[in-house]
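**Student:** Residue numbers (this note's numbering), protein chains in the order written: chain A, 2 to 145; chain P, 2 to 145. The beta-carbon is built from N, C-alpha and C at its ideal position, and this holds for glycine as well.
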DNA sequence: CCATGCTCATTAGCTAGGCTAAGTATTGTG
DNA sequence: CACAATACTTAGCCTAGCTAATGAGCATGG
């Protein structure tokens, strides 16, 4: 349908605009020395999964393996993630958050959220509900 | 309220997760040689406004002026944006899309949107409506 | 009327994060 | 056992962000 096509086109553009500005704004609210967006996201995935191989983590985070190597490298430097050999497959590696990783994660996650959560509190419950639903839809679309 | 606080915290996290994955997914769908996310966004703002100073554009795009200098530099290299001196204030510069900029913009915008629009078409009208509302809310929050 | 201080834009220099291509080690298989 | 496939890393490139510093132009108060 032409109507749907137009609606989807318009929405695609609006959504991209909204997201780019929104993420730049959130990025600006980052305290110095804190974990970056990508690092925190990777650490979160590891936290939730318990342990993952680099490939699994890369797929989950929707980046290429070399990119994940870099991100994990930063986390490892800071002692937040540990690489251990895979028990049966010598090619693979197991990534898992360290105790410190879990602690630092909880702290930074909270700090990182502070600004955004405060902003979101100023919205109406209906608006928050809309955002929650939108987040679910975006996750689904991203998953492909 | 504790309820609101918790809801906002949870939402903040969910939303960040959704957005980071969503944008990486959209980025992957970019054709080679195409304008990047940031370049297209800047060109869009210029297009809509007609003409802006670097400072105004930086504010609108929520980046620092040096960052905008870079982005505009790329657009200028490709002949899509022209810098002209400000009529009364010698410090300032006027940025405006060239004719080619307008043409290339329309083309790339469309190409850039294609994947996303196709995905969005597969959603229900209600879901699209939710995303549209969410986009509006995010713009508002980003605006501060 | 000009010295001083502000604003605008840019340059320089850094970091993170993304990619592809290529290299290395290990596994699996014909 | 040779060879293909897989997993991860390394190397090298680019974009996009930032801050700090520079240079140029404006505005203003003595």
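Alpha carbons only, please: which of A:81, A:30, A:22, A:87 is nearest the one belonging to residue 42 of chain P?
**Tutor:** Checked all of A:81, A:30, A:22, A:87; the closest Cα to residue 42 of chain P is A:22.
**Student:** According to the Cβ coordinates, are residue 51 of chain A and residue 82 of chain A closer than 7 Å?
**Tutor:** Not closer than 7 Å, so no.
**Student:** Just curious, the alpha helix (DSSP H) that residue 30 of chain P is in, first and last residue?
**Tutor:** First-last for residue 30 of chain P: undefined, no H or E at that position.
**Student:** Measuring CA to CA, which of A:114, A:80, A:71 is closest to residue 12 of chain P?
**Tutor:** Among A:114, A:80, A:71, the Cα nearest to that of residue 12 of chain P is on A:114.
**Student:** Quick one: what's residue 85 of chain P bridged to in DSSP?
**Tutor:** Answer by DSSP bridge pairing, in chain order: P:95.
**Student:** My assumption, with CB atoms under 8 Å, is that residue 96 of chain A sits in contact with residue 66 of chain A. Please give the rounded CB distance.
**Tutor:** Their Cβ separation, rounded to whole angstroms, is 12 Å, which puts residue 96 of chain A and residue 66 of chain A out of contact at 8 Å.
**Student:** Could you pull the start and end residues of the alpha helix (DSSP H) that residue 135 of chain A belongs to?
**Tutor:** Start and end: 126 to 144.
**Student:** When you compare only the Cα positions, how much space is there between residue 91 of chain P and residue 84 of chain P?
**Tutor:** Approximately 13 Å between the Cα atoms of the pair.
**Student:** Mind checking which residues open and close the alpha helix (DSSP H) that includes residue 102 of chain A?
**Tutor:** Here the alpha helix (DSSP H) through residue 102 of chain A covers 100 to 122.
**Student:** Can you pull the DSSP bridge partners for residue 53 of chain P?
**Tutor:** According to DSSP, residue 53 of chain P bridges with P:96.
**Student:** Would you check if the distance between the CB atom of residue 109 of chain P and the CB atom of residue 47 of chain P is smaller than 7 Å?
**Tutor:** No, these two residues do not count as a Cβ contact at 7 Å.
**Student:** Strictly under 7 Å for the Cβ-Cβ distance: is residue 142 of chain P near chain A by that measure?
**Tutor:** So, interface residue.
**Student:** Cβ of residue 69 of chain P less than 7 Å from any chain A Cβ?
**Tutor:** Not closer than 7 Å to any Cβ of chain A, the Cβ of residue 69 of chain P fails to qualify, so no.
**Student:** In whole angstroms, give me the CA-to-CA distance for residue 27 of chain P and residue 117 of chain P.
**Tutor:** Taking the straight line joining both Cα atoms gives about 7 Å.
**Student:** As an exercise, report each continuous beta strand (DSSP E) stretch of at least 3 residues that is fully enclosed by the stretch 59 to 83 of chain A, in chain order.
**Tutor:** The qualifying runs do not exist here; there are none.
**Student:** What is the DSSP secondary structure of residue 37 of chain A, reduced to helix, strand or coil?
**Tutor:** Note: residue 37 of chain A maps to coil in three-state DSSP.
**Student:** Using a Cβ-Cβ cutoff of 8 Å, what residues of the stretch 9 to 27 of chain P are near chain A? List them in chain order.
**Tutor:** Answer in chain order: 9, 10, 12, 13, 14, 15, 16, 17, 18, 19, 20, 21, 22, 23, 24, 25, 26, 27.
**Student:** In three-state DSSP terms, what is residue 90 of chain A?
**Tutor:** Three-state result, residue 90 of chain A: coil.
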